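Residue numbers (UniProt numbering): 1 to 99.
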Amino acid sequence: MESFLVLGHLNTLVELELAFKASMVSMRFFDISVYLEFEEKHGHYLAKKEQRQLKEQRNKDLRITEPVRRVANRSYRSSVLSPEGKDQIGGEKEQSACC
């Protein structure tokens, strides 16, 4: 189709548009085939990189949530009972909720 465009054989705008669309389709097929060829040769590298990124993100999330969990656990334990074993609000002895 590109050869018609170069030689000037296209007479109407419709023919020109069809030739352009055909060339775009062939370019897309070429891009996909190049991508698939690259994926076939180097796909395992990309998969390993993606797995490493997921693992790093999980580790980052765990680093953030661990201190928050510790603070929440400590604040929960301290809010239930005072160190003397008495309820901080009413002053009555109650059983600890955590142990």
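Where is the CB? At the ideal position from N, CA and C, for every residue including glycine. Here the structure is a predicted model, which is why all the values come from computation and not from measurement.
Residue i in three-state terms, based on DSSP
i     : result
Asp61 : helix
Glu17 : helix
Proximity test, Cβ basis, 8 Å: residue i and chain B
i     : result
Leu62 : No chain B is part of this structure, which consists of one protein chain only.
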